[in-house]
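In the working numbering, the protein residues as written are 12 to 204.
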């Protein structure tokens, strides 16, 4: 069983509830152990970053600090929401790249008795974990009801493959990972330019 620190984000409990229920139904079957970050907070989605950078990154950084504090043998944080994944990855990246921002964020975190060392965690999207850690062969072997006869036009969106700080995705403009997963589930993937 592969263990990960899990950041669920607000949407997984509201508008993406079906996604969360699906994840909870399959994660153990796929051998994924998810330990939810205790006392996590909303990452502010993408809106808060347009208002004020330091408070926005402090809000996101709090989740990273909590995850780092909680890490028991794993340094990998998994987010299933695309916006949450992007925010966590950007906060980690920019706190590393921009030392002054990192200092200001940690100054804000210190008010809550927290700190975060940028780069100390690996931030990953759930799709990346399924494709690269679990593998498509394992997924295929666990399918109970193949999606045979279902024609799908996958759309991963722009928040997951761009920016690709760690070069995890096959192509920033036309990533193929979601297509590969859907094919492994038995669906027919159609061209969707």
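Glycine included, C-beta positions come from ideal geometry on N, C-alpha and C. Owing to the predicted nature of the structure, the values given are computational and were not obtained by experimental measurement.
{"Item": "Cβ separation of residue 18 and residue 99, assumed to be a contact under 8 Å, to the nearest whole Å", "Value": "6 Å"}
{"Item": "Close beta carbons around residue 93, own chain, < 6 Å, minus the five adjacent residues each side", "Value": "168, 170 and 171"}
{"Item": "First and last residue of the uninterrupted beta strand (DSSP E) at residue 43", "Value": "43-47"}
{"Item": "Cutoff 7 Å; reference residue 164; Cβ partners in own chain excluding five residues on either side", "Value": "201 and 203"}
{"Item": "C-beta contact flag for residue 196 and residue 150 at 8 Å", "Value": "yes"}
{"Item": "Cβ shell of residue 183 (< 6 Å), same chain only, five flanking positions each side left out", "Value": "172, 173 and 175"}
{"Item": "Whole runs of the alpha helix (DSSP H) within the region 116-176, excluding any shorter than 4 residues", "Value": "137-140 and 147-153"}
{"Item": "Residues sharing a beta bridge with residue 90, DSSP", "Value": "18 and 136"}
{"Item": "Three-pair Cβ contact test at 8 Å for the region 50-65 versus the region 128-143", "Value": "no"}
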